[in-house]
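> Chains as they are written, first to last, in the numbering used here: chain A, 18 to 131; chain B, 15 to 249. The beta carbon of each residue, even a glycine, is placed where N, CA and C say it ideally should be. It should be emphasised that the depicted structure is a prediction, and the values quoted were computed from it without experimental measurement.
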């Protein structure tokens, strides 16, 4: 099953900050990792990633820097900030509450997915 | 380099970004992404043209991307940021200017220039030092004007000018080798860490060849002779 996912809005902040908590990444890498981690469930509109990244930067959750690869190609890397780590913890908590609530509703109180 | 198709895509996205100063960075980021994706597809065995077409398609809708980017690259905030930077630079330059002025670096020749408007009969660089209190004053130049004004330029520097540092209006008794006594003295100076100034003695005798400064006050003494060799030029 393939879910056509626009990156604007929703749980994207949680996904991006989680990845960036592990290592600094540039946009293309983020897309690849998101696809791999989701076993290609998500089919991303890749260009919509950048408005989100720029928003995270404006909010101070990430910082960007340029780095030249050995091939000579220059890429813009994103790095999570301390503020971003705090935000990530908050988003995680929200998500857990949300998914728990959804499960309760569709499972009628039974742990349908456990 | 990217082909015209990628270029069209990027141009379309950028057309929505009103704050044009950010367009260059956004362009670079998208160029890098598209070329990475093209490589991904060519590695999978696609022809370049096909690979590019797929890559652009994967990017999504130019309008959606462009309008969202425009929200993050707000012209008002962008301009505010640039203006703030410009003001910071101006303040820094002003700060440097003030430092330079207080060091006397900008106006070091100003005093000489003002006198040069009138006729100079005689001028010579000198290097004489006198001590007044803790401050060593260097006499740097002597200049005689046609109207009889004798200017002595001096320079000194001190770090405690905000403390006891007074002005050096009193030079001592001024005489010349002909026995004339001069009491009419005026002066001007640019004060700073380096202070530059000039003492002007009016109606300096046409017959005199040397000006003599004698200072004897509060147990501090010095006597200094500065030759004025006018020769035949001055009648």
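#1: To the nearest angstrom, report how far apart residue 167 (chain B) and residue 36 (chain B) are at their CA atoms.
#2: Name, please, each residue of chain B whose Cβ falls closer than 9 angstroms to the Cβ of residue 50 (chain A).
#3: Run through chain B and tell me which residues come within less than 9 angstroms of residue 62 (chain A), C-beta to C-beta.
#4: Give me, in chain order, the residues of the same chain whose beta-carbon lies closer than 6 angstroms to that of residue 186 (chain B); leave out the 5 immediate sequence neighbours on both sides.
#5: When DSSP labels each residue in this structure, what does residue 247 (chain B) get in the three-state scheme?
#6: Here's the rule: buried if 16 or more other CB atoms are within 10 angstroms of the residue's CB, otherwise exposed. What is residue 65 (chain A)?
#7: Determine which residues share a DSSP beta bridge with residue 55 (chain B) and list them.
#8: What is the C-beta distance between residue 156 (chain B) and residue 242 (chain B), in whole angstroms, given that I count them as a contact (C-beta under 8 angstroms)?
#9: With 7 angstroms set as the bound, which would you pick, yes or no: does the beta-carbon of residue 57 (chain B) sit closer than that to a beta-carbon of chain A?
#10: Any Cβ of chain A within less than 7 angstroms of the Cβ of residue 28 (chain B)?
#11: Name, in chain order, the residues that DSSP records as bridge partners for residue 165 (chain B).
#12: Can you find a CB in chain B that lies within less than 7 angstroms of the CB of residue 103 (chain A)?
#13: Would you please state the rounded distance, in angstroms, between the beta carbons of residue 238 (chain B) and residue 140 (chain B)? I believe it to be under 8 angstroms.
#14: Return no unless some Cβ of chain A is closer than 7 angstroms to the Cβ of residue 46 (chain B).
#15: Between residue 133 (chain A) and chain B, is the shortest Cβ-Cβ distance under 7 angstroms, so that the two count as touching?
Walking through what the data contain:
#1: Residue 167 (chain B) and residue 36 (chain B) have their C-alpha atoms spaced approximately 56 angstroms apart.
#2: In chain order: nothing, as chain B lies at least about 13 angstroms away.
#3: Contact of residue 62 (chain A) with chain B by beta-carbon distance below 9 angstroms involves 72, 73, 74, 75, 78, 79.
#4: Excluding positions up to five away in sequence, the list reads 227, 228, 229.
#5: For residue 247 (chain B), the predicted model reports a pLDDT of 44, less than 50, meaning its position is unreliable; a value from the coordinates is still stated below. Per DSSP, reduced to three states, the secondary structure at residue 247 (chain B) is helical.
#6: Residue 65 (chain A) is classed as buried because its beta carbon has at least 16 other beta carbons within 10 Å across all chains shown.
#7: Note: residue 55 (chain B) sits in no beta bridge, so no partner.
#8: The C-beta distance from residue 156 (chain B) to residue 242 (chain B) rounds to 7 angstroms, short enough to fall under 8 angstroms.
#9: With its beta carbon at least 7 angstroms from every one in chain A, residue 57 (chain B) lies outside the interface.
#10: Chain A, which has no Cβ nearer than 7 angstroms to the Cβ of residue 28 (chain B), makes this no.
#11: Under the DSSP definition of a beta bridge, residue 165 (chain B) partners with B:157, B:214.
#12: Judged by the 7 angstroms Cβ criterion, residue 103 (chain A) is not in contact with chain B.
#13: The beta-carbon distance between residue 238 (chain B) and residue 140 (chain B), rounded to whole angstroms, is 10 angstroms. This is too long to meet the 8 angstroms contact definition.
#14: Cβ-Cβ to chain A under 7 angstroms: yes for residue 46 (chain B).
#15: Since the displayed chain A opens at 18 and closes at 131, residue 133 (chain A) lies outside it and no answer follows.
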